[in-house]
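Just so you know, the sequences run in chain order X and R.
Quick note: to get the numbering used here, add 6 to the position in the first sequence (first position is 1).
Quick note: to get the numbering used here, add 6 to the position in the second sequence (first position is 1).
Worksheet for the structure shown next.
2 protein chains.
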Amino acid sequence: MLALILFALAASRPVTELFSKNAAAAKAEAVKLTSITINNEGLEWVHVLSEGWASPLEGFMNEEQYLMCLHYQQIADGDGMIPMPVPIVLPISEEDKAAIDGKDAIVLKKADGTPVAIIRNPTVFEHRREERATRTFGINADTKHPYIEMIMAGGEWAVGGKIEVFERVVYNDGMDQWRLTPLELQKQFKDMGADAVFVFQLRNPVHNGHALLMQDTARRLKEQGFKKPVLWLSPLGGWTKDDDVPLDVRMNQHHAIIKNGVFGDTEVVLGIFPSPMLYAGPREVQWHAFSRLAGGATHYIVGRDPAGMKHPTLNALQPSLGDDLYHMWHGQTMLKLNPYLKKELTLLPFHFASYDTTTKKMAFFDPARKDDFKSISGTKMRKMAREGTTPPEGFMDPEGWQVLEKFYQGAKVEL
Amino acid sequence: MLALILFALAASRPVTELFSKNAAAAKAEAVKLTSITINNEGLEWVHVLSEGWASPLEGFMNEEQYLMCLHYQQIADGDGMIPMPVPIVLPISEEDKAAIDGKDAIVLKKADGTPVAIIRNPTVFEHRREERATRTFGINADTKHPYIEMIMAGGEWAVGGKIEVFERVVYNDGMDQWRLTPLELQKQFKDMGADAVFVFQLRNPVHNGHALLMQDTARRLKEQGFKKPVLWLSPLGGWTKDDDVPLDVRMNQHHAIIKNGVFGDTEVVLGIFPSPMLYAGPREVQWHAFSRLAGGATHYIVGRDPAGMKHPTLNALQPSLGDDLYHMWHGQTMLKLNPYLKKELTLLPFHFASYDTTTKKMAFFDPARKDDFKSISGTKMRKMAREGTTPPEGFMDPEGWQVLEKFYQGAKVEL
C-alpha cells in the first residue's frame with residue numbers, strides 16, 4: 007500500500023517553472039525591448055505561471071488556448087487534453103497592440119517600472135470581453151461582479167506567448183516565506199514522508215469546526231491505510247474582493263491556531279496559493295483543485311459553493327434560484343465530473359460542523375438532536391468581532407479570535 | 007486505399023434510435039401517465055433524439071449531462087467523453103414539476119394532445135436560464151437573440167431522462183420523404199458505394215458559387231484517391247428565425263437546381279437535418295458537424311461564421327468587434343481544435359466564389375484580377391428577388407431563382 011502511494015505522489019503532474027535560465031542576460035536584453043505595463047492582477051498571474059501552478063501552460067494564453075479554455079475548460083497537452091478551467095490572459099490596449107506589432111519579444115513591467123518577464127513571439131488577438139465574462143461566469147457581462155468588472159475595464163486585445171520570468175515574484179509583505187512553489191511543496195511533502203496530501207483551500211479564518219474536519223479527515227485516511235497523511239492548508243493569496251478578510255489577517259489567524267495546536271497531531275504545511283480570486287463558482291473550484299496537483303496534492307476537500315458569492319442582481323432573471331450566483335453543489339459536482347480530476351485527485355466529503363451547545367465544542371451536525379446545535383454564520387461572526395462580543399467557548403481558538411477582533415475593530419494588524 | 011476508406015465509413019459512430027420496440031403497448035401505457043405538453047421546439051428535439059443524431063444521448067439531458075455540456079461541450083461516454091456542443095434539455099414549469107413529482111414515467115404530448123414519447127425515470131433540475139444562455143452563446147441573457155428569448159421564456163425547471171418515442175416524427179408538409187434518418191442515410195451511402203461523404207450544411211438557397219465549390223470538392227477528393235465521393239446536401243429543417251428563407255422555399259430551390267444539373271456529375275443525396283437553429287456560432291458549428299457523423303459523414307465543408315448572426319446590441323460592450331455576434335473564423339477554428347472531431351472528420355477548406363464578370367460565371371475569387379469580380383451579397387440577392395430584378399446570367403440556376411423570386415414577391419410557394 008505504502009509503496010503504491012509513494013509512487014502516486016512521485017508521479018504527480020509534471021511541473022515546469024518558467025524562470026530565466028540566465029536572469030542577468032535576460033534583464034540586459036529586456037532594456038532594449040518594447041514594454042507593456044501590467045497591473046497587480048497581471049503580476050499575480052505571472053507569479054502563478056512562473057512557478058508552474060498552471061503547467062503545461064507556458065505563458066499567457068494564445069488565441070487557441072483561450073478558445074479551448076472558454077469552450078472546453080481544457081487545453082491541448084500533447085495528443086490529449088488537460089484541464090485549464092479559467093482563462094489566464096493578458097489584456098492590452100489598442101496603443102499597446104500598436105507598440106508591440108511585429109516584435110519578436112516584449113518585456114512586461116510592473117507599474118513602478120521594474121521589468122518582470124519577457125514574452126517571446128507574442129501574438130495578439132481579440133479579448134472579446136463579453137464572451138469571456140459570460141462563458142466563464144455564466145452571468146451577464148454588464149453586471150456588478152467584481153472580477154467581471156475588472157475584465158470589462160481591461161483592454162480590447164490580449165497578448166499571448168511563452169514567458170520567461172526574471173526572478174521569483176515577491177511582495178515584501180512579511181509573508182513571502184509562506185509562498186512556497188509547487189516544486190518546494192512537493193519536496194517538503196516528500197521530506198516529511200507524506201503518503202497522502204490533503205488540501206484545504208480557504209480564504210476565510212479557520213474555526214474549530216474546520217479544524218475538527220481536518221483531524222477527522224486525517225483519521226479516516228489512516229483508517230484507509232495511509233501512514234502519514236499531511237494537511238496542506240492553502241489560503242488563497244491573490245486579489246480578493248473588498249469585503250473578504252485580507253490575507254495578512256488570515257495568515258495571522260492561521261499562525262495562531264497552528265501554534266495553539268487546534269489540528270491536534272495532524273501535521274500541517276501552510277502554503278499560500280498565489281492566484282487571484284475570480285468568484286467563478288464551478289469553474290474556479292476546478293482551477294483550485296487542478297492547480298494544487300502541481301504541489302503534490304493527492305486528496306481534496308470540497309464543501310458547499312466554495313468559490314461563490316451573491317448574484318450581483320440576486321438572480322433577477324430567475325428569482326426562484328435565490329440570492330446565490332451558483333448552485334450550492336455544482337462546484338463539487340464538476341470536480342466529480344471532470345474527466346481528468348476524477349482520476350487524478352480523490353475528493354473528500356465535507357462534513358458540516360456546527361456549535362454543539364451541550365459539549366461547548368464544534369461538532370459534526372447531528373440531525374437527530376438538531377436543537378443542541380447553534381449556527382454561527384460568517385455574517386454573525388463578523389458582527390461579533392466588530393462589536394467585541396466573545397463567541398461561545400470552543401468556537402475558535404481564542405488567540406485566533408483576537409486577530410479577527412482586532413481587524414474588525416479597525417486596529418492595525420501586526421505580523 | 008478503397009478498402010481502408012470503406013472501413014472508415016463502416017466504422018461510423020454507433021447510432022442508437024430511441025423508438026419504442028412495441029409502439030402499441032407504449033401508447034396504451036401512456037394513456038395512464040401524467041403528461042407534459044411540448045412546443046414545436048421540444049418536438050424537433052424529440053425528432054433529433056429519436057433518430058440518433060445526438061447519440062449516445064438517450065433522451066433529454068439529466069443534470070449531470072447538462073452541466074458537462076455547459077462546461078465541457080462534451081458528455082461522458084463509457085470511460086471517455088464525446089462531443090455534445092449544445093444543451094438538449096426540456097424546460098418545464100413549476101406546475102409541470104409538481105404534477106410529475108415522484109412519477110416513474112411521464113408522457114410527452116404535442117400541443118394538439120397527440121402523445122409522442124415516454125420519459126422513464128424522469129429527473130427534474132434547475133433550468134438556470136441565465137447560466138444556460140450566457141455559457142452557450144457567450145452573450146448577455148437579457149438580449150434580443152431569438153433563441154435566447156425562447157430559453158428565457160421557457161420554464162424554470164428542466165426534466166431529463168431516457169425517452170421512448172412512439173413513432174417517427176413527421177410533419178405532413180410534403181417534405182417528410184427528405185427527412186432521412188442517420189441509419190437510412192448510412193444505408194443509402196453504402197448502397198451507392200460511397201467511399202467519402204462530404205456534407206454541406208446549409209440554411210440558404212444554393213447559388214452557382216456553392217455548386218462550383220461542391221464540384222471542386224468532389225474533384226479534389228478524387229485526386230486524393232477516393233473513387234466515389236458523394237455530396238450530402240443537408241439543409242437545416244427545424245426552427246429558424248423569421249427573416250431566414252423558410253424550409254419549403256429552400257427545398258423547392260434545391261430540387262430545381264439538382265434537377266437542372268448544377269452539381270454536374272457529382273452525386274448528391276438531399277437529406278434534411280431536423281434540428282432547430284440556435285445561432286450559437288462556434289458551439290453550433292460543432293453540433294452541426296458532430297451530428298452529421300451519425301449519418302455517415304467523413305468530410306465536412308465549413309466556411310465563415312456559418313451559425314452566426316448580427317450581435318443583438320451590435321457589440322455595445324466592445325464596439326471594436328464590429329456588428330457580428332461571433333468571430334468570423336471561430337466556428338472553423340473550434341472544429342479544428344475539437345479533440346474528437348479533429349480525429350473523426352476531415353475538414354475541407356471553403357474557397358470563396360464570386361461573380362466573374364469576364365466569364366459571366368461564378369468563379370473562385372482571384373485577388374490578382376479583383377476588379378473582374380462582383381459581389382452579390384445575401385442582402386442584395388433578397389432585394390433583387392423582391393424587386394423582380396434578374397441577377398446576372400450564371401449567378402444562379404434560373405428555375406432556382408424563380409422559386410426565390412416568387413417567395414420574396416409574396417406568392418404562395420407550391421411544393
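Backbone N, C-alpha and C define an ideal beta-carbon position, used for all residues, glycine too.
Small disclaimer: the values here were computed from a predicted structure and weren't measured.
What do you reckon, are the CB atoms on residue i and residue j nearer than 8 Å?
i         : j         : result
X:Pro-318 : X:Lys-109 : no
X:Cys-75  : X:Met-87  : no
R:Leu-290 : R:Leu-237 : Just to set this straight, residue 290 of chain R is Glu in the shown sequence, not Leu. Their beta carbons are not under 8 Å apart, which means R:Glu-290 does not touch R:Leu-237 by this criterion.
X:Ile-124 : X:Glu-155 : no
R:Gln-324 : X:Arg-310 : no
X:Val-113 : X:Ser-41  : yes
R:Asp-148 : X:Asn-146 : yes
X:Phe-172 : X:Ala-31  : no
X:Val-268 : X:Val-409 : no
X:Glu-47  : X:Trp-184 : no
X:Ala-200 : X:Lys-228 : no
X:Met-181 : X:Met-257 : yes
R:Pro-97  : R:Gly-160 : yes
R:Thr-339 : X:Leu-73  : yes
R:Tyr-361 : R:Arg-388 : no
Under 8 Å Cβ-Cβ, which residues of chain R neighbour residue i?
i         : result
X:Pro-288 : Leu-73, His-77
X:His-333 : Glu-132, Arg-134
X:Thr-365 : Within 8 Å Cβ-Cβ: nothing; X:Thr-365 doesn't reach chain R, min ~38 Å.
X:Arg-141 : Thr-140, Arg-141, Gly-144
Along chain X, in chain order, which residues have C-beta atoms closer than 8 Å to that of residue i?
i         : result
R:Gly-160 : Simply none; closest approach about 10 Å.
R:His-336 : Leu-73
R:Arg-135 : Leu-323, Gln-324
Mapping DSSP to helix, strand and coil, what is residue i?
i         : result
R:Trp-238 : strand
R:Asp-330 : strand
X:Gln-324 : coil
X:Thr-339 : helix
R:Glu-185 : Checking the sequence, you will find Arg at residue 185 of chain R rather than Glu. Residue state, collapsed to three classes: coil.
X:Thr-365 : coil
X:Leu-299 : helix
X:Asp-254 : helix
X:Pro-373 : helix
R:Lys-115 : strand
R:Tyr-285 : coil
X:Ala-147 : coil
X:His-305 : strand
R:Thr-87  : First, the residue type needs correcting, since residue 87 of chain R is Met and not Thr in the sequence shown. DSSP places R:Met-87 in strand when its eight states are reduced to three.
X:Ala-164 : strand
X:Gln-259 : helix
X:Arg-126 : strand
R:Lys-316 : strand
X:Met-39  : What sits at residue 39 of chain X in the sequence shown is Leu, not Met. Note: X:Leu-39 maps to coil in three-state DSSP.
X:Ile-169 : strand
X:Thr-352 : strand
R:Gly-384 : helix
X:Val-275 : strand
X:Glu-50  : helix
Run down chain R in chain order and give the residues with a C-beta less than 7 Å from the C-beta of residue i.
i         : result
X:Leu-343 : Glu-70, Leu-73, Met-74
Quick one: does the C-beta of residue i sit closer than 7 Å to a heavy atom of the ligand MG?
i         : result
R:Asp-110 : By its list of ligands, the structure shown contains no ligand whatsoever, and the ligand MG lies outside what it can speak to.
Residues of chain X with a CB under 7 Å from the CB of residue i: which are they?
i        : result
R:Met-87 : Pro-345
For residue i, go through chain R and note every residue whose CB falls closer than 9 Å to its CB, in chain order.
i         : result
X:Thr-339 : Glu-69, Glu-70, Leu-73
Do three or more CB pairs link the stretch 307–316 of chain R to the stretch 56–65 of chain R at distances below 8 Å?
Of all C-beta pairs linking the stretch 307–316 of chain R to the stretch 56–65 of chain R, fewer than three are shorter than 8 Å, placing the two stretches out of contact.
Review point. Going along the chain, which residues of the stretch 146–158 of chain X sit with their C-beta nearer than 9 Å to a C-beta in chain R?
Key: Cβ contacts with chain R: Asn-146, Ala-147, Asp-148, Thr-149, Met-158.
Residues of the stretch 296–326 of chain X with a CB closer than 8 Å to any CB of chain R: list them in chain order, please. So the list reads Asn-321, Leu-323, Gln-324, Ser-326, given in the order they occur along the chain.
Does the stretch 399–406 of chain R come close enough to the stretch 244–252 of chain R that 3 or more CB-CB pairs lie under 8 Å?
-> By the Cβ criterion, the stretch 244–252 of chain R is not in contact with the stretch 399–406 of chain R, since fewer than three pairs of Cβ atoms, one from each stretch, lie closer than 8 Å.
Are the stretch 210–230 of chain X and the stretch 358–375 of chain X touching, with three or more C-beta to C-beta distances below 8 Å?
At 8 Å Cβ cutoff, the stretches touch.
Q: Give a yes or no on contact between the stretch 327–346 of chain X and the stretch 188–196 of chain X, applying the rule of three or more CB pairs nearer than 8 Å.
A: The stretch 327–346 of chain X, when compared against the stretch 188–196 of chain X, does not touch it at the 8 Å Cβ threshold.
- Item | Sufficient close CB pairs (3 or more, under 8 Å) joining the stretch 158–170 of chain X to the stretch 194–207 of chain X | Short answer: they don't touch.
Practice item. Determine, using beta-carbon pairs with one atom in the stretch 343–357 of chain R and one in the stretch 372–384 of chain R, whether at least three such pairs fall under 8 Å. Key: Too few Cβ pairs lie closer than 8 Å, so no.
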